[in-house]
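Numbering (my numbering), first residue to last: 2 to 202.
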Ligand SMILES: [Zn+2]
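As structure tokens, then:
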């Protein structure tokens, strides 16, 4: 389990650098208004919060039981699971509907929140390899990066190569989800200020 500052640092270094670059360029060119700063702050707040979201179990256990307890569970419910991560998707969509009042942008914000939470799971997986991804369908924890715990000789070269490819695919998928969502919200390599469209709710 990387510590919260590590999660936040990797969020800044790997999820939002292009968005920050595009925004900085727009600031330099004098194209940014006060509303745009609010837009950036919203995305960073949501991304930062949901990149730590699965560890909310530690806060919960501290408040309710007075001790940190297990980092991955609230009671018997694993917070490091796809089911718990779906809260990020729903929360992001609801926040997006309030802020953008556009269905597509609300969905993009939901997917961005989901991507940051899934990124947390993958980082924890890389660190310890015990994530209950499929709870409650499958209650055992497992790793998507099995190649880290064996060698090509033990696993067989082809199986090992496939395991590496699968791990890289999972990481890439989450990063693409985050970057595509940010781009849709105007935070690509070139910042595009938010303009209310025709698909208002
Ligand atoms: Zn965690």
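All C-beta atoms in this analysis are idealised placements derived from N, C-alpha and C, irrespective of residue type, glycine included.
Computed from a predicted model, the values in this text were never measured in an experiment.
Going by alpha carbons, who is nearest to residue i out of the options?
i: residue 181; options: 163, 16 and 51; result: 16
i: residue 77; options: 137, 10 and 88; result: 137
i: residue 9; options: 128, 117, 101 and 74; result: 117
Since residue i contacts residue j with CB under 8 Å, what's their CB separation in whole angstroms?
i: residue 5; j: residue 56; result: 7 Å
i: residue 86; j: residue 123; result: With 8 Å as the limit, residue 86 and residue 123 do not qualify as a contact, their Cβ atoms being about 11 Å apart.
i: residue 186; j: residue 44; result: 7 Å
i: residue 40; j: residue 59; result: Not really, about 30 Å apart at Cβ, beyond 8 Å.
To the nearest angstrom, report how far apart residue i and residue j are at their CA atoms.
i: residue 104; j: residue 146; result: 35 Å
i: residue 89; j: residue 50; result: 10 Å
i: residue 27; j: residue 189; result: 11 Å
i: residue 134; j: residue 170; result: 16 Å
i: residue 29; j: residue 119; result: 33 Å
i: residue 149; j: residue 141; result: 19 Å
i: residue 194; j: residue 99; result: 18 Å
i: residue 126; j: residue 46; result: 24 Å
i: residue 202; j: residue 23; result: Confidence is the limiting factor: at residue 202 the pLDDT is only 38, short of 50, which leaves the residue's position unreliable, though a coordinate-based value still follows. Distance between the alpha carbons of residue 202 and residue 23 is about 28 Å.
i: residue 84; j: residue 18; result: 28 Å
i: residue 48; j: residue 161; result: 33 Å
i: residue 11; j: residue 42; result: 18 Å
i: residue 199; j: residue 184; result: Low confidence applies to residue 199: its pLDDT is 45, below 50, so where it sits in the model is not reliable enough to give any reading.
i: residue 191; j: residue 179; result: 16 Å
i: residue 107; j: residue 25; result: 24 Å
i: residue 113; j: residue 14; result: 16 Å
i: residue 80; j: residue 151; result: 27 Å
Should the stretch 150-168 be regarded as contacting the stretch 92-100, the criterion being three or more beta carbon pairs within less than 8 Å? Between the stretch 150-168 and the stretch 92-100, the count of C-beta pairs closer than 8 Å stays below three; the two stretches do not touch.
Is it true that the stretch 28-42 meets the stretch 165-175, where meeting means three or more beta-carbon pairs spaced less than 8 Å apart? Counting C-beta pairs with one atom in each stretch, the stretch 28-42 and the stretch 165-175 have fewer than three that are closer than 8 Å, which means they do not touch.
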